[in-house]
Structures are given as structure tokens and as C-alpha cells.
Amino acid sequence: MTYTQTKAALQRLVQEKVVPGVSFALIDGDRVETGQYGQAALVPAPEPLRPGMLYDVASLTKVVGTLSVVLQLLAEGRLRLADRVSDYLPEWQDPRVTVQHLLTHTSGITGYIPNRNQLAAPELTAGLLGLHVGPTFNRQMVYADVNYIFLGWIVEKILGDPIQVVAQRRVLTPLGMVHSTFTPANPLACIPTAQTVERGLVRGEVHDPKGYVLQRRCGSAGLFSTVDDLARFCQAYFQPEKVAAVLPPLLVNHLAHDLTPNGHAGRSLGWALTATQWPTPHRVIWHSGFTGTYLVIDQAAKQAMVFLTNRVHPVAPNEPYLDQRNAVIGTYLAEKSRYNARDFSR
1 MTYTQTKAAL QRLVQEKVVP GVSFALIDGD RVETGQYGQA ALVPAPEPLR
51 PGMLYDVASL TKVVGTLSVV LQLLAEGRLR LADRVSDYLP EWQDPRVTVQ
101 HLLTHTSGIT GYIPNRNQLA APELTAGLLG LHVGPTFNRQ MVYADVNYIF
151 LGWIVEKILG DPIQVVAQRR VLTPLGMVHS TFTPANPLAC IPTAQTVERG
201 LVRGEVHDPK GYVLQRRCGS AGLFSTVDDL ARFCQAYFQP EKVAAVLPPL
251 LVNHLAHDLT PNGHAGRSLG WALTATQWPT PHRVIWHSGF TGTYLVIDQA
301 AKQAMVFLTN RVHPVAPNEP YLDQRNAVIG TYLAEKSRYN ARDFSR
């Protein structure tokens with residue numbers, strides 16, 4: 001593995017000061033190449049980026065933790081895609097929304113919660129359960145954290161423990177993701193995220209405002225992880241049969257398909273979909289996190305990329321990063337296809 005163009009694109013993100021630093025893994029079956037460029041922190045003082053540092057991976061929590069547990073419950077028959085949310089969360093009043101809608105972000109749940117980030121957990125919980133369904137229901141994919149917060153609460157109803165406790169027990173520990181945690185013991189081992197008026201420099205605590213309020217009961221954010229642990233997670237997706245109790249093979253092997261209720265909204269269970277060309281045109285799965293993280297997994301080729309950065313440091317949201325991120329993903333997929341085609345022709 002060389003991926004010269006992909007690594008050059010990652011270096012440019014740092015050189016052009018789009019992000020302070022980048023940690024990455026390029027994965028080809030059993031082979032993993034890791035590296036890092038740039039700084040861990042810019043404020044209050046520059047700090048070098050060290051191998052093995054923990055990142056707040058934000059919405060990667062959805063696919064690594066919450067989705068994995070939900071897939072387990074589906075495989076065990078303790079949950080069904082067609083189950084109504086209101087059967088588990090009776091405070092939710094719209095019986096049309098199902099587990100499948102939540103998983104694929106086609107629930108249409110929308111609305112405004114005044115002073116949301118200043119609410120205590122009980123008030124925020126009530127506010128979220130008091131939202132309504134809008135006109136995109138069952139027709140369009142509209143990404144929203146509330147879907148995976150609800151899924152976390154459904155998991156808690158079934159298993160009796162908060163989603164983050166369950167994800168640690170049922171996913172992180174059995175996969176050997178030994179550094180991954182929802183409660184980092186040493187903040188200095190963590191990459192800092194934003195510096196805010198309310199919280200100062202956020203380090204070793206979840207950046208996401210809803211995750212900060214809901215804590216262990218948040219299924220949409222809160223996970224801290226490393227490049228090595230996330231590479232291990234990606235490799236488990238290549239051969240879920242080896243970890244069938246954690247990643248049910250029948251479900252995981254079908255995730256590169258549009259699994260929205262109408263089959264046309266362009267989303268899988270949890271994962272976003274994009275295309276690659278080798279050996280024939282097919283879909284790969286990917287997901288990003290607000291803090292500047294993403295995973296790209298090509299299950300058919302058994303290849304993946306882990307990309308971790310703190311694009312919200314020292315100030316969020318750093319919108320220019322988004323176009324750059326998508327360009328890096330495109331560079332990686334194109335370069336991967338060229339390497340695969342070249343190796344295949346030998």
C-alpha cells in the first residue's frame with residue numbers, strides 16, 4: 001500500500017491550515033498503514049500530535065456503537081425494523097415512525113426546542129419526544145441526531161442499561177477496541193475540540209451539546225476512539241462471520257444497499273452510500289462525525305480508510321473543511337480503484 005495521492009491530500013489539509021492535525025489508517029485486508037500529520041492542539045499552546053491519541057469521534061458513535069447493538073437485537077429477534085417507535089417510547093405520539101425510519105434517517109422528525117443546549121437531561125428528553133414529523137417522512141433522507149438518540153432509548157428499554165454502557169459491553173470490549181471509551185480517564189490523552197465561552201477548552205468530554213447533557217443515554221455521540229481501534233472495527237466488517245455475536249453477518253453483509261423503507265432515499269441502515277468502480281461499479285459505506293472524523297469501508301474489496309481530525313479546534317464549525325473532506329474521500333476511492341485494477345491485471 002502506498003496511496004501517495006491520498007496521503008498528499010491529507011498533508012495539504014494540515015499545510016493549508018484547514019485542520020490542526022490528521023491521524024489516519026489505510027486498510028487492505030489484514031494490512032494496516034497508520035500515520036499522523038500536524039498538531040493535536042493549537043490553543044492554549046501548540047501541542048504535537050502523538051500516535052494513539054483519543055479523538056472525540058462524534059457521530060461515528062452512531063455506526064460503531066448504536067447501530068451495532070441495534071443490528072444485534074434485530075438478529076436476536078428482540079427488535080424488528082417494522083416496530084413502531086411509540087411501542088417502546090410511549091411519550092412519542094406519532095405511530096407512523098418505525099425503527100427502520102430511525103436507522104435510515106427517513107423519520108422526518110423535526111422541530112425546534114427553545115434553549116436546547118441549556119436544558120437539563122429530563123427537560124431535553126421531553127423536548128425531543130415532543131418533536132413532530134414533517135413532510136419529508138418516508139420520502140427523503142434528512143440526517144438528524146434525534147433518530148439515533150431515540151434508538152439508544154429503545155435499546156435501553158429492551159436491555160435495561162443506557163446505550164453507552166451497552167455499546168461498551170456488547171461492541172467495544174468483544175471487538176478488542178481496548179482504548180475506546182465513553183469516559184476517558186486522562187483528558188491529556190485526548191485531542192481537544194472547540195474552545196467555547198460556556199465550557200472553555202473541551203478536552204476529554206464530549207463536544208456534542210446533546211451528548212454532553214444526556215451523557216450515557218446518548219446514542220448519537222460520545223465515543224472516544226483511536227485510529228488503531230477504528231481500523232480493527234473496519235476489519236471486522238470485512239469478515240463479520242468471525243465476530244458474529246457482535247456484527248450479525250446476514251445484516252452487515254447487506255449494508256451496501258439502499259435500505260430505506262421506500263428503497264429510493266439513498267441510505268443504508270446507519271451508513272451513507274457512495275460508489276466505487278473496482279472490480280465492477282458497486283457501493284461502499286461511509287459515515288462522518290461533526291468533529292472532523294470519518295470511516296469509509298469497501299466490504300467487497302476488503303479495504304477501508306479511517307480519518308480522524310479535530311476540525312472544530314479551536315473554533316467550530318469550520319465549514320470549508322466539508323468540501324475538502326469530500327475531496328479526500330474521492331481521491332482515496334479513485335486511487336484505491338487504480339491500485340486494485342493494476343494489481344488485478346498483473
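1 is the number of the first residue of the sequence shown in UniProt numbering; add one for each residue after it. In this text, a Cβ means the ideal position worked out from N, Cα and C, and glycines have one as well.
Taken in chain order, the unbroken stretches of beta strand (DSSP E) that lie wholly in the region 233–310 and span 3 residues or more are 272–276, 282–289, 293–298, 303–309.
Annotated three-state conformation of Ala316 is coil, per DSSP.
In the three-state reduction of the DSSP assignment, Leu42 falls in the coil class, being assigned neither a helical nor a strand state.
The Cβ atoms of Pro162 and Arg217 lie closer than 8 Å to each other. At a Cβ-Cβ threshold of 8 Å, Val19 and Pro320 do not count as neighbours. For the pair Leu54 and Thr226, the CB atoms are nearer than the 8 Å cut-off.
If you ignore the 5 residues before and after Val213, its C-beta comes within less than 6 Å of the C-beta of Ala121, Leu124, all in its own chain and listed in chain order. Measuring C-alpha to C-alpha distances from Pro281 to each of Leu273, Ala231, Ser288 identifies Leu273 as the nearest. Residue environment analysis places Ala40 among the buried positions, since at least 16 neighbouring C-beta atoms fall within 10 angstroms of its C-beta. Every unbroken stretch of the alpha helix (DSSP H) spanning 4 or more residues and falling wholly within the region 22–83 is given here in chain order: 67–76.
Here Thr106 really is in contact with Gln140; their C-beta atoms are around 7 Å apart, less than 8 Å.
Within the model, the alpha-carbon separation for His257 versus Asp298 is close to 12 Å.
Relative to Val32, the option among Gly292, Leu269, Gln235 whose CA is nearest is Gln235. Close CB contacts of Asp83 within its chain, under the 7 Å cut and outside five residues either way in sequence, are with Thr98, Val99 (chain order). Of Asp94, Glu156, Leu26, Gly21, the smallest CA-CA separation from Val69 is found for Glu156. Below 8 Å, too few C-beta pairs join the region 286–303 and the region 128–144 to call them touching: fewer than three. Out of Gly108, Trp92, Leu79, Pro46, the CA that lies nearest to the CA of Ala265 is found in Gly108.
Residue burial annotation: Asp323 is exposed, with fewer than 16 other C-beta atoms found within 10 angstroms of its C-beta. Asn326 is the residue among Arg338, Cys190, Pro261, Asn326 whose C-alpha sits nearest the C-alpha of His287. With respect to the 8 Å criterion, Pro314 and Leu42 are classified as neighbours on the basis of their beta carbons. In this model, Gln11 and Ala126 are separated by some 44 Å (Cα to Cα). As for any alpha helix (DSSP H) of minimum length 4 sitting wholly inside the region 133–218, the runs are 145–159, 163–167, 209–214, ordered along the chain. The distance from the Cβ of Leu103 to that of Gly289 is about 18 Å, inconsistent with a contact at the 8 Å cut-off. Short of 6 Å from the beta carbon of Gly134, and not among the five residues preceding or following it, lie these beta carbons of its own chain, in chain order: Gly108, Thr110.
At a Cβ-Cβ threshold of 8 Å, Thr331 and Thr6 count as neighbours. Residue pairing for Thr98: DSSP places it in a beta bridge opposite Arg84.
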